[in-house]
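Undergrad: Residue numbers (our numbering), protein chains in the order written: chain A, 192 to 427; chain B, 30 to 283.
The beta carbon of each residue, even a glycine, is placed where N, CA and C say it ideally should be.
One structure, as structure tokens, below. Some questions next.
What follows is the structure in structure tokens.
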């Protein structure tokens, strides 16, 4: 059973139904015992960071998640679910004291800047379809160049080095809706550029992944990613 | 980079698509979900279901529609029409809608946008504006409510600015002069609003051919273009529109 973790902040039906559509036995639950018993876990993204952290602690979900992710249970965080893999996040937290996440990746989840490095203004929240490119092993700067050179470089681009993005075409479009971004991290497997280039997919361990975009809203490409996760969970 | 969006809009009454739909090979031409899936195959970026049901009593069918859509559609979708309160919006969001659009009720009480943004996040709140050019000043547009029946004397650009400040995450801007005309978007109106706000503007009303879509984005500076009949009657596919836009240098998802 794939547990879709409900931390009482919004509608998770699309995620559950998307996973079922690709053959996953997904069930929405807020129960730490069900999370502990699940063969795979999905943490969807709704609400604000500090709020989610507080509710997860109240319900005892945070300990269950830390325990199972550390034990190697296949895990996929979506949007805020990706952010919660990191040490800290500022969204909804008092200034100067960010809320504590699950701590599987280093750094602070911060608001996406409105201005790019050269001073151009961008709309935040970042809402809509944007291209997702493979990150290169030496970090995001090289991949930023790849993203900027797109789509001309698309065909020469290396494939994604992540089981969740297997068979996804480099530069494929996915649906985003967010105002906060994860920090640069060694586990970055894909990047996307808006005002800045940010991690759009990360892998923090052999079995734990985070996606900034919403696969459940990303049509065929999104279903491919969900199917990859379901297959990965079956093999694990 | 973030792509420009192409959005088919379906008018729905009692759970059925009402504007003429002329698709071949649809099992049920009046079913909004089946139509939306067809648009998904054509690479529509999202879809809008506009509930034109006359009375709020019949809105239950629209909640059912929103719920079915969350099961069967893997695209973002908006439900609009007749939203009067946060409770009305919550029913649609709880059923699975990604966004709700509100029109007349927000003009009457702009704090509704703030309440909705607080409850669901600004990304889920679209303020729909129906605007008509003023006879005495071609560079000014007036807001109409109640499905275009009632003039308000409110300036459309000023209202868009306020709606954004109050918590709207997007503006769905319909030119009443152009709606149904097939003469193209009112690009002057669209540009005036797009330059006045820092949230996305969806241009609507008047599309008759491929060129109009590009005009809305390039001249109108819209972030997204919405159309109904050209798609429903099968005159143009979403894919054709996006291929054309790409040829005009507009970034689109294909």
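Can you name the start and end residues of the beta strand (DSSP E) that residue 302 of chain A belongs to?
TA: Start at 1 with the first residue of the first chain, and residue 302 of chain A comes out as number 111. First-last of the beta strand (DSSP E) with residue 302 of chain A: 296–302.
Undergrad: For the alpha helix (DSSP H) holding residue 67 of chain B, just list the boundary residues, first then last.
TA: Indexing the second chain from 1 puts residue 67 of chain B at position 38. Unbroken alpha helix (DSSP H) run through residue 67 of chain B: 61–70.
Undergrad: I need the boundaries of the alpha helix (DSSP H) containing residue 259 of chain B, first residue and last residue.
TA: On the second chain, position 230 is the one that residue 259 of chain B refers to. Looking at the DSSP string, the run of the alpha helix (DSSP H) that includes residue 259 of chain B is 258–261.
Undergrad: Is residue 208 of chain A close to chain B? Criterion is C-beta to C-beta, closer than 8 Å.
TA: In the first chain, counting from the first residue as 1, residue 208 of chain A sits at position 17. By this cut-off, residue 208 of chain A is an interface position.
Undergrad: Against chain B, does residue 202 of chain A count as a neighbour if the rule is that its beta carbon must be under 8 Å from one of theirs?
TA: By 1-based counting over the first chain, the position of residue 202 of chain A is 11. Chain B, which has a Cβ nearer than 8 Å to the Cβ of residue 202 of chain A, makes this yes.
Undergrad: Quick one: which chain A residues come within Cβ less than 7 Å of residue 122 of chain B?
TA: Along the second chain, read from residue 1 onward, the residue named residue 122 of chain B stands at position 93. Correct list: 202.
Undergrad: For the beta strand (DSSP E) containing residue 156 of chain B, list its first residue and its last residue.
TA: Position 127 of the second chain, counted from the first residue, corresponds to residue 156 of chain B. Looking at the DSSP string, the run of the beta strand (DSSP E) that includes residue 156 of chain B is 154–163.
Undergrad: What residues are listed by DSSP as bridge partners for residue 109 of chain B?
TA: Working through the second chain from its first residue, we reach residue 109 of chain B at position 80. B/79 and B/130, per the DSSP bridge assignment.
Undergrad: Which stretch, first to last residue, makes up the alpha helix (DSSP H) that contains residue 430 of chain A?
TA: A query on residue 430 of chain A cannot be resolved here, the shown segment of chain A reaching from 192 to 427 and no further.
Undergrad: So what's residue 91 of chain B in DSSP terms, helix, strand or just coil?
TA: Counting from 1 along the second chain, the entry for residue 91 of chain B is found at position 62. It is helical.
Undergrad: Where do the ends of the alpha helix (DSSP H) carrying residue 140 of chain B lie?
TA: Here residue 140 of chain B refers to the residue found at position 111 of the second chain. From DSSP, the alpha helix (DSSP H) with residue 140 of chain B extends over 140–149.
Undergrad: Can you look up residue 335 of chain A in the DSSP assignment and give me helix, strand or coil?
TA: By 1-based counting over the first chain, the position of residue 335 of chain A is 144. Legend: pLDDT at residue 335 of chain A = 45, less than 50; position of this residue unreliable, no value from coordinates given.
Undergrad: Counting along the chain, where does the alpha helix (DSSP H) carrying residue 242 of chain A start and finish?
TA: Counted from its first residue, the first chain places residue 242 of chain A at position 51. From DSSP, the alpha helix (DSSP H) with residue 242 of chain A extends over 240–249.
Undergrad: Would the segment 266–286 of chain A and the segment 221–235 of chain A be scored as touching if the rule is three or more Cβ pairs under 8 Å?
TA: The segment 266–286 of chain A, when compared against the segment 221–235 of chain A, does touch it at the 8 Å Cβ threshold.
Undergrad: State yes or no: is the beta carbon of residue 258 of chain A nearer than 8 Å to at least one beta carbon in chain B?
TA: Within the first chain, numbered from 1, the residue matching residue 258 of chain A stands at position 67. Answer no: the Cβ-Cβ gap between residue 258 of chain A and chain B never drops below 8 Å.
Undergrad: Apply the 10 Å Cβ neighbour rule to residue 189 of chain B and answer buried if 16 or more other Cβ atoms are within range, or exposed otherwise.
TA: Residue numbering aside, residue 189 of chain B sits at position 160 when the second chain is read from its first letter. By the neighbour-count rule (16 or more Cβ atoms within 10 Å), residue 189 of chain B is buried.
Undergrad: Going by DSSP, what residues sit across from residue 317 of chain A in a beta bridge?
TA: As a first step, residue 317 of chain A is located in the first chain; it is residue number 126 there, counting from the start. Note: residue 317 of chain A sits in a beta bridge opposite A/369.
Undergrad: Can you pull out the residues from the segment 381–400 of chain A whose beta carbon lies closer than 7 Å to at least one beta carbon of chain B?
TA: Answer set for the segment 381–400 of chain A: 384 and 385.
Undergrad: Output the distance between the C-alpha atoms of residue 62 of chain B and residue 41 of chain B, rounded to the nearest integer angstrom.
TA: Residue numbering aside, residue 62 of chain B sits at position 33 when the second chain is read from its first letter. Residue numbering aside, residue 41 of chain B sits at position 12 when the second chain is read from its first letter. Answer to the nearest angstrom: the Cα atoms are 11 Å apart.
Undergrad: Give the DSSP-derived three-state secondary structure of residue 414 of chain A in the structure shown.
TA: Counting from 1 along the first chain, the entry for residue 414 of chain A is found at position 223. Residue 414 of chain A falls in the helix class under three-state DSSP.
Undergrad: I want to verify the contact list: residues of chain E whose CB lies under 7 Å from the CB of residue 407 of chain A, in sequence order.
TA: Protein chains in the displayed structure are A and B, and chain E is not among them.
Undergrad: Taking all protein chains shown into account, decide if residue 93 of chain B is buried (16 or more other Cβ within 10 angstroms of its Cβ) or exposed.
TA: Numbered from its first residue, the second chain carries residue 93 of chain B at position 64. Its Cβ having fewer than 16 others within 10 Å, residue 93 of chain B is exposed.
Undergrad: Would you list the residues sitting across from residue 254 of chain B in a DSSP beta bridge?
TA: The residue labelled residue 254 of chain B in the question sits at position 225 within the second chain. In DSSP, residue 254 of chain B forms a bridge with B/35 and B/232.
Undergrad: Chain A beta carbons: is any one of them nearer than 8 Å to that of residue 228 of chain B?
TA: In the second chain, residue 228 of chain B corresponds to position 199, counting from 1. Yes - at least one Cβ of chain A is within 8 Å of the one on residue 228 of chain B.
Undergrad: First and last residue of the beta strand (DSSP E) that includes residue 169 of chain B?
TA: Position 140 of the second chain, counted from the first residue, corresponds to residue 169 of chain B. Start and end: 166–174.
Undergrad: Per DSSP, which residues does residue 40 of chain B bridge with? Please list them.
TA: Looking up residue 40 of chain B in the second chain gives position 11. In DSSP, residue 40 of chain B forms a bridge with B/79.
Undergrad: In terms of alpha-carbon separation, which member of B/76, B/89, B/119 and B/132 lies closest to residue 185 of chain B?
TA: Taking the second chain and counting its residues from 1, one reaches residue 185 of chain B at position 156. When each option's Cα is compared against that of residue 185 of chain B, the closest is B/132.
Undergrad: Can you tell me which of the three DSSP states residue 378 of chain A falls into?
TA: Your numbering for residue 378 of chain A matches position 187 in the first chain. It is coil, neither helix nor strand.
Undergrad: Taking only three categories from DSSP, how would you classify residue 267 of chain A?
TA: As a position in the first chain, residue 267 of chain A is number 76, starting the count at 1. Correct three-state label for residue 267 of chain A: strand.
Undergrad: Expressed to the nearest angstrom, what Euclidean distance is found between the alpha-carbon atoms of residue 293 of chain A and residue 395 of chain A?
TA: Position 102 of the first chain, counting from 1, holds the residue named residue 293 of chain A. Position 204 of the first chain, counting from 1, holds the residue named residue 395 of chain A. Near 11 Å, if we compare the C-alpha coordinates of residue 395 of chain A and residue 293 of chain A.
Undergrad: Tell me, please, which residues DSSP counts as bridged to residue 188 of chain B.
TA: For the purposes of this step, residue 188 of chain B is taken as residue 159 along the second chain, with counting starting at 1. Partner(s): none; residue 188 of chain B has no beta bridge.
Undergrad: Just to confirm, is the Cβ distance from residue 156 of chain B to residue 192 of chain B under 8 Å?
TA: Reading the second chain from its first residue, position 127 is the one you call residue 156 of chain B. Reading the second chain from its first residue, position 163 is the one you call residue 192 of chain B. Yes, they are a contact pair.
Undergrad: Got a sec: is the Cβ-Cβ distance from residue 421 of chain A to anything in chain B below 8 Å?
TA: For the purposes of this step, residue 421 of chain A is taken as residue 230 along the first chain, with counting starting at 1. False, the Cβ-Cβ gap to chain B never drops below 8 Å.
Undergrad: Using CA coordinates, which residue listed in A/372, A/274 and A/356 is at the minimum distance from residue 414 of chain A?
TA: For the purposes of this step, residue 414 of chain A is taken as residue 223 along the first chain, with counting starting at 1. The candidate whose alpha carbon is nearest that of residue 414 of chain A is A/356.
Undergrad: Counting only beta-carbon separations shorter than 8 Å, does residue 317 of chain A have a partner in chain B?
TA: To locate residue 317 of chain A, count along the first chain from 1; it is residue 126. Closer than 8 Å: yes.
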